[in-house]
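Chains as they are written, first to last, in the UniProt record's numbering: chain S, 1 to 225; chain X, 1 to 493. In this text, a Cβ means the ideal position worked out from N, Cα and C, and glycines have one as well. Keep in mind it's a predicted model, so treat the numbers as computed, not measured. First up is the structure itself, then whatever we jot down about it.
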Amino acid sequence: MNDTLYVQLLDLACGAFLLAGVLVLWRRDLAAIVRLFAVQGAALGVLVAVLGVHDGDTEVIGLAVGIGLLRAVLLPWLLRRALAASGGAAGPAANRETAPLVNVAASLVVAALLALLAYAVTRPVVALDPSPAAHAVPVALTVVLIGFFALVTRRRALSQVVGFLLVDNGITAVAFLTTSGVPLIVEGGVSLDVLLAVLVLQLLTARIRAAFGDTDLDGLRELRD
Amino acid sequence: MTVMLIVPIGAPIAAAGAYAALGWRRATAWLGAVAAAVVLASGAVLAASTDDRPPTALDGLLRADALSAFMLIVIGAVALLAMLASPGYLAAEKAAGHATGRDTRRYGVLTQGFVAAMALGVLAASLGVLWVAVEATTILTAFLVGHRRTRNATEAAWKYVVICSTGIALAFLGIALLHFAARHAQVPSSGSLDFTQLTAYAGRLDPGVTRIAVALLVLGFGAKAGLAPLHAWLPDAHSQAPAPVSALMSGVLLSVAFYAVLRVKVIADIALGAGFVRVLLLIIALASLALAAALLLAQRDYKRMLAYSSMEHMGLLALGAAIGSRLAVAAVLLHVLGHGLAKSVAFLASGQIQQAVGGSRIDAARGLAARAPLVAGGFGAAVLALLGFPPFSLFASEIGIFRAGFDAGLGWAVAAALALLLLITASLAARTGRMLLGAPKTGPGAATLPFRPAAAAGAALVAGLVACAALGITIWPLHSLLDHAAAILEAHG
């Protein structure tokens, strides 16, 4: 692969990755949010594959396939299953993010500010290694910050899970953009942990529904000082 | 020697397998305690044989230096107390209809997996494996926190998983950036997250990138250690988990996460000078102490009270780590052990009280000294130990931290911490006094029957307190171990 094509493909994958993250803030329909998350997972898989092909590293290409399967197929499938269960139990209104703490327009402005913040924070990273991959690190960090923002401002259990997964997608992207991924054993452990955390959260969502009759986390106010 | 690194991880896993296959029954109930004793014994063996070349295993993935051996002893000791109290606790839960056979089987599997994950964490030779182990503890304990399946337990479990997983994800971002800096400092790729490699090459790490990485690592592992600003899960999780699990979580899990902060600090002190992490830890320490003091003032639930006391002690550990001299670090490690013993006794006793009174409100538990002298005495003595009264070892370690602080010119921080400790002591002592000595509640429905713990649980209470007091009087069996471990952590900036 020649360098121009490599940079173009890299930028394309990063663009899709970032756009899917921003659109998660824009949509309120939980099913659409899960679809966007799947798109982002696919973009992450392509991103890692491009890096692997450029380095001629078959191990990284194998990881790209694994990441794509986990984040574009398996995790969205789990989320959709949780969504279908709650839709059957509480009616279609339960599947919308009706009243986030910050409204959609303001969320999109915040996303722009977070992108600026990400560029400011990652200056030392780009300065240390001015390669095309390191130049894309701010994009990945923006996704991390957007995920955080979704996590603290959204009130449905499922949108909080997606927020957590956005953080994780962003971090995986940072790991691969900086040094073609951390050692294999760590990467494997991380992926396994993410999968388990989602399973745990899914089970807890079911328990919250059983105990509170809804997955609106505003109900979770009994424990405080 | 290599086998001694596998045993402390393998023994709890084997016990977990036995629980999965056989369930929690009379014959298997003590397996957990046996596995914990094995962890403790292998920690002692490793401690006795620490020399200049620490033993490694599994292709260099595991390494046991003096610090790892010391943490293994802490894990083994607290796990032993918790596992001795577990059979009695579960029998009472079953009798009260809070737990079924499936629940107890799951309890056995998860607690043993939890102990194995902590042992893996402190034996890990690389930051990556340590991270995986700490995250594994989150997943394993999530269901233990939600064990009772009530609304409160479910809420606590949700907050626990979301906050801790996110915090620990931040730490992973830090690891990725540190790896990036390490690769650019020509650290060999095979061991680029290995502690000894990172320490050896720390002087060549890029300071700009390392600064971001270290801040993320301290915040991320700090979340799991219950330090501000990501501490919100702690009181909920510790108050809702079954008492022996609270003892494990509060007594060791927090310290294992803090151990990660200590390991990162060694690298950061060389790469960035001692100032950066010191300022970060000082802010975190004072914020944690202030929050704990504020939230203890109006506390009405005794398990939450103990949880905030854990936050206070983690704040003290952060203060000691910020000071960073040899004396301060040795005192921090002694404090980890003393706090682990005293806090697990306090939580185990609180579990007995909760099962007898049927709730964790301080109002509901009055005049316990007359009803249950052994439990009340254990609880009272453990709280006195936590407040730093002699002869318990927390007295010695707190004095050590404060003296080191004045020596290092951080007298203002120590003075602020002491003022907050005074507030905390007053709140804790007043509430405990009311629980133990206050006039018993009268009127219809008030429980007044005397109760006493099962023999093993009572033995655990006494053993924990005796060990904590003995360490306060003399630390000679641990003296050279503490000295070696502190030498690893001492700040050279």
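Taking 7 Å as the cut-off, the beta carbon of residue 164 (chain S) is found closer than this to the beta carbon of residue 151 (chain S). Put simply, of X:353, X:193, X:320 the residue whose alpha carbon is nearest the alpha carbon of residue 264 (chain X) is X:193. Against chain X, the beta carbon of residue 225 (chain S) has neighbours under 8 Å at 235, 295, 298, 299, 304, listed in chain order.
One alpha carbon belongs to residue 416 (chain X), the other to residue 286 (chain X), and they sit about 8 Å apart. Within the same chain, 82, 344, 347, 348 come within 6 Å of residue 247 (chain X) by CB-CB distance, once the 5 residues on both sides are set aside.
Listed by position along chain X, the residues whose Cβ is nearer than 7 Å to that of residue 156 (chain S) form an empty set, because the closest Cβ is around 12 Å away. Contact annotation: in the stretch 151–170 of chain X, residues whose CB is within less than 7 Å of a CB in chain S are 151, 152, 154, 155, 156, 157, 158, 161, 162, 165, 166, 169. Exposed is the label assigned to residue 222 (chain S), since fewer than 16 other Cβ atoms lie within 10 Å of its Cβ. Listed in chain order, the alpha helix (DSSP H) elements of length 4 or more contained wholly in the stretch 299–358 of chain X are 302–323, 326–357. Distance from the CA of residue 341 (chain X) to the CA of residue 249 (chain X), rounded to the nearest whole angstrom, comes to 12 Å.
Comparing alpha-carbon positions, the option among S:40, S:66, S:153, S:197 lying closest to residue 15 (chain S) turns out to be S:40.
One finds nothing in chain S with a Cβ atom closer than 7 Å to the Cβ of residue 275 (chain X); even the nearest lies about 18 Å away. Close to residue 176 (chain X), with beta-carbon spacing below 7 Å, are these residues of chain S in chain order: 171, 174, 175, 178, 182. In this structure residue 211 (chain S) touches residue 151 (chain X) by the C-beta definition: roughly 5 Å separates them, less than 8 Å.
When secondary structure is reduced to three states using DSSP, residue 28 (chain X) falls in the coil class, being assigned neither helix nor strand. Per DSSP, the beta bridge partners of residue 29 (chain S) are S:96.
Residue 156 (chain S) is bridged by DSSP to S:216. Assigned with DSSP and collapsed to three states, residue 436 (chain X) falls in helix.
Around the beta carbon of residue 77 (chain S), fewer than 16 other beta carbons lie within 10 angstroms, which makes this residue exposed. In the DSSP assignment, residue 147 (chain X) falls outside any alpha helix (DSSP H), carrying neither H nor E.
Chain-order list of chain X residues neighbouring residue 97 (chain S): empty, with the shortest C-beta distance near 16 Å, by a criterion of under 7 Å.
Along the stretch 203–216 of chain X, going in chain order, the ones with a CB nearer than 7 Å to a CB of chain S are 206, 208, 209, 212. Residues of chain X whose Cβ lies closer than 8 Å to the Cβ of residue 160 (chain S) are, in chain order, 162.
From the beta-carbon of residue 139 (chain X), the residues of chain S found nearer than 8 Å are 193, 196, 197, 200.
Excluding its 5 nearest sequence neighbours in each direction, residue 82 (chain S) has C-beta neighbours in its own chain below 7 Å: 158, 202, 205, listed in chain order. Pairwise C-beta distances place the stretch 110–118 of chain X in contact with the stretch 10–22 of chain X, as three or more of them are shorter than 8 Å. Remark: C-beta atoms of residue 134 (chain X) and residue 146 (chain X) do not approach each other more closely than 7 Å. In the three-state DSSP reduction, residue 63 (chain X) falls in the strand class (E or B). Among the residues facing chain S, residue 315 (chain X) is not included, as its CB has no counterpart in that chain under 7 Å away. At a cut-off of 7 Å between beta-carbon atoms, residue 130 (chain S) makes no contact with chain X. If you draw a straight line from the Cα of residue 153 (chain X) to the Cα of residue 154 (chain S), it is about 22 Å long. Closest by C-alpha distance to residue 72 (chain X), out of X:365, X:471, X:490, X:485, is X:485. Beta-bridge pairing by DSSP links residue 126 (chain X) to X:194. Under the 7 Å criterion on CB atoms, residue 347 (chain X) is classed as non-interfacial with respect to chain S. Linking residue 189 (chain X) to residue 135 (chain S) through their CA atoms gives a straight-line distance of about 22 Å. The alpha-carbon of residue 336 (chain X) is positioned some 31 Å away from that of residue 357 (chain X).
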